[in-house]
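Participant: Please read through the structure below; I'll follow up with questions.
Residue numbers (full-length UniProt numbering): 1 to 662.
Now the structure itself:
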């Protein structure tokens, strides 16, 4: 299957489309600004509370006639442009495939050579998020604004979180479940060395994530350190950019040899730990991100976890001092994993957490509601610093391919560190109401993640979708789930080049991600909860129809509280969501349980953990029979606090081959 790298088959149609859109855009932009001026967000209302009341009214009185006059003047040109634009959509391709051309940042070929189906297996990390990148006037109805700035910041936060190295700390004490920033600063002492990841005795598991901020923080530097590692037999292929640190409670703070893989080089810790770091170290707290107008969050600062930060500056004497990377700056933060929760849910086989970061070494990303084209371009540019392969501008326009006229695309975007082999898109023909104006549908992808010593390709299937949003449309969503399963089955058959007798491909995983717009606990969503999709695909957060696991939380935030100081930063939102009272104040609950419009007044009547409408599903059907797929980790992520009204989710799958390490 040919991947489409441009929206039209030839340059003439592309130029004609650009010309027609150029005629439409002034009218579109003016209408967007005019409506946006009358739909303030709660953040803007709070900012204006300190200003004289007449100032904003004066601005509207002045700008409204100007916008209206220019809008009327641009209408004839927009009409001409529309008459050209609409017929062109019949020749438009359903998506654009973008591959990073800068070979200095490319990593797909390197990743493909890493997994040869040897050893115990390999883990793959999947992320999904609804980012609400609508035209600004429409986004304001969800209490978010400045779509262009948000798109850039969302992309930057995602790639900063995913590209950081990860340190895992194990403590042997069953009672001491906290590590202070000071004690951690004495644990990690990057120095030169060639030893690989080593560990000593373990106890309680915790994860420490390190976010790198250096001279080339925008590039995908995580791949450089990987090249210096040994072969598959010398390290765990499921752990990239990670350092395992085990602490013995009886050795007075000393630690064994460790090696965190640094970015643009390697940083190692060898020998007994010293009370202080080589170089200089400082312990600091990250202040709350200050909101900037038009920002919806902090556009200039990095997110940190909810605990103390350790800033470590290290000089490597083995490297020439004139070298740019002779000093590395880390932000290390201790991420509370699941040691406490595991005591409450001892039957759980995988880790689960509410995290202030996207998972390190994120392999695949599925986004929804990337409707605005300019915002999609800005988001793509940021994501390309980490993901080599991106599929965006997915969907159809005008009357082409669907029953009703489509003004915007599907809003789906897919990013991958691994090469995309095939892609297909289908539009749901049964959209109703405002949802019928968008070409909501499903994007199906086939990626290559490795190869066997016998040159058999190892592939995976990923589906990204966004279902009908209007409450009460349960039959519409069930029909869309039926179509999703049928289309996925057809896609797998049409893209498979294997036979049972002579398999050329081995399927490692099959994952479905997306905003399904129903939850597993609401009485109004019983029909969707019992859909046959959940008999073929597993939901890690679900016990059965109508019942979620105790640690699962809702993913739909209350729009009215997005800019409250308690939740406007990743740290604060993480703290709030870890408590039941906090969740009642800032998550959306099923409408049948919200009897009061007042957030404080309805707290007592709320039950459960909120509406979980963003899903990550996986299946064990149709995979290579000798392999086993298990969930290794599931996360609810707060790193996009203040930028969207949804919580991103992430899942790490371990594909076990059943073979022993060499």
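Glycine included, every Cβ here is placed at the ideal spot set by N, Cα and C.
Let me know the secondary structure DSSP gives residue 425 once reduced to three states.
Facilitator: The answer is strand: DSSP assigns residue 425 an E or B state.
Participant: Of the choices 89, 432, 414, 439, whose alpha-carbon is the least far from that of residue 426?
Facilitator: Here the closest residue by C-alpha is 439.
Participant: Where does residue 143 land, buried or exposed, given buried means 16+ other C-beta within 10 angstroms?
Facilitator: Residue 143 is buried by the Cβ-count criterion.
Participant: Apply the 10 Å Cβ neighbour rule to residue 433 and answer buried if 16 or more other Cβ atoms are within range, or exposed otherwise.
Facilitator: By the neighbour-count rule (16 or more Cβ atoms within 10 Å), residue 433 is not buried but exposed.
Participant: Could you spell out where the beta strand (DSSP E) holding residue 19 opens and where it closes?
Facilitator: It is not in any beta strand (DSSP E) - residue 19 instead sits in the alpha helix (DSSP H) that spans 11-36.
Participant: Under 8 Å, with one C-beta from each stretch per pair, do the segment 73-92 and the segment 17-29 reach the 3-pair mark?
Facilitator: Enough Cβ pairs lie closer than 8 Å, so yes.
Participant: What's the call for residue 66, buried or exposed, on a 16-neighbour Cβ count within 10 Å?
Facilitator: Exposed, by the Cβ-count rule.
Participant: Report the residue from 586, 122, 150 whose alpha carbon sits nearest the alpha carbon of residue 450.
Facilitator: Residue 450 has its Cα closest to that of 122, out of 586, 122, 150.
Participant: Using three-state DSSP, classify residue 576 as helix, strand or coil.
Facilitator: Helix at residue 576.
Participant: Measuring CB atoms only, is the segment 550-564 touching the segment 633-646, in the sense that at least three cross pairs come out at less than 8 Å?
Facilitator: Yes: the two stretches touch, three or more of their Cβ pairs being nearer than 8 Å.
Participant: Does DSSP put residue 438 in a helix, in a strand, or in coil?
Facilitator: The answer is strand: DSSP assigns residue 438 an E or B state.
Participant: Can you tell me which of 375, 44, 2, 81 puts its alpha carbon nearest to the alpha carbon of residue 151?
Facilitator: Nearest option by C-alpha distance: 375.
Participant: For the alpha helix (DSSP H) containing residue 526, list its first residue and its last residue.
Facilitator: Run containing residue 526: 526-529, per the alpha helix (DSSP H) assignment.
Participant: Taking residue 616 as the reference, which of 517, 115, 2 has the closest Cα?
Facilitator: Measuring from the Cα of residue 616, the nearest candidate turns out to be 517.
Participant: Helix, strand or coil for residue 209? Go by DSSP, reduced to three states.
Facilitator: Legend: pLDDT at residue 209 = 39, less than 50; position of this residue unreliable, value from coordinates given subsequently. Of the three classes helix, strand and coil, the one that applies to residue 209 here is strand, per DSSP.
Participant: Within 10 angstroms of the Cβ of residue 191, are there 16 or more other Cβ atoms? Answer buried if so, exposed if not.
Facilitator: At residue 191 the pLDDT is 36, less than 50, meaning the model places this residue with poor confidence; the figure from the coordinates comes in the next sentence. Buried, since its Cβ has 16 or more Cβ neighbours within 10 Å.
Participant: Determine the DSSP secondary structure at residue 390, reduced to helix, strand or coil.
Facilitator: In the structure shown, residue 390 sits in a strand (DSSP, three-state: E or B).
Participant: For residue 547, collect the residues of the same chain with a Cβ closer than 8 Å to its Cβ; drop the 5 residues on either side in sequence, then sort them by chain order.
Facilitator: Closer than 8 Å at the Cβ level, and outside the excluded window around residue 547, lie 520, 521.
Participant: I'd like to know if residue 381 contacts chain B, where contact means its C-beta is closer than 8 Å to some C-beta of that chain.
Facilitator: Going by chain labels, chain B is absent from the structure shown, which holds only one protein chain.
Participant: Could you tell me which uninterrupted alpha helix (DSSP H) segments, each at least 4 residues in length, are contained entirely in the segment 431-501, listed from first to last along the chain?
Facilitator: As far as the segment 431-501 is concerned, its whole alpha helix (DSSP H) runs of at least 4 residues are 474-495.
Participant: Residue 79 to residue 578, Cα distance in whole Å?
Facilitator: If you take the alpha carbons of residue 79 and residue 578, they lie about 52 Å apart.
Participant: How should residue 57 be labelled, buried or exposed, when 16 other C-beta atoms within 10 angstroms of its C-beta is the threshold for buried?
Facilitator: Answer is exposed; the Cβ neighbour count stays below 16.
Participant: Is the beta carbon of residue 395 less than 8 Å from the beta carbon of residue 409?
Facilitator: Yes; because the gap between Cβ atoms is below 8 Å, this pair is in contact.
Participant: Could you please give me the residues that DSSP links to residue 366 through a beta bridge?
Facilitator: DSSP, once it has assigned bridges, lists 128, 414 as partnering residue 366.
Participant: What is the rounded straight-line gap between the Cα of residue 358 and the Cα of residue 99?
Facilitator: When rounded, the distance between both Cα atoms is 22 Å.
Participant: Hey, is the segment 406-425 in contact with the segment 468-485, meaning 3+ C-beta pairs nearer than 8 Å?
Facilitator: No contact exists between the segment 406-425 and the segment 468-485.
Participant: Give the straight-line distance between the Cα atoms of residue 621 and residue 536, rounded to the nearest whole angstrom.
Facilitator: Cα-Cα distance, rounded: 7 Å.
Participant: Going straight from the alpha carbon of residue 587 to that of residue 568, what length do you get?
Facilitator: Approximately 13 Å between the Cα atoms of the pair.
Participant: CA-CA distance, residue 457 and residue 505?
Facilitator: If I take the Cα positions, the gap works out to 5 Å.
Participant: Alpha carbon to alpha carbon, how far is residue 478 from residue 387?
Facilitator: Cα to Cα, residue 478 sits roughly 33 Å from residue 387.
Participant: Rounded to whole angstroms, what is the Cα-Cα separation between residue 655 and residue 59?
Facilitator: If you take the alpha carbons of residue 655 and residue 59, they lie about 59 Å apart.
Participant: In terms of alpha-carbon separation, which member of 562, 613, 636 lies closest to residue 141?
Facilitator: When each option's Cα is compared against that of residue 141, the closest is 562.
Participant: Could you give the DSSP three-state label for residue 384: helix, strand or coil?
Facilitator: DSSP places residue 384 in coil when its eight states are reduced to three.
Participant: Going by alpha carbons, who is nearest to residue 576 out of 641, 370, 653?
Facilitator: Comparing Cα-Cα distances from residue 576 to each of 641, 370, 653, the minimum goes to 641.
Participant: So which of 135, 12, 545, 367 has the shortest CA-CA distance to residue 676?
Facilitator: Here the chain covers residues 1 to 662 and nothing more, so residue 676 does not appear.
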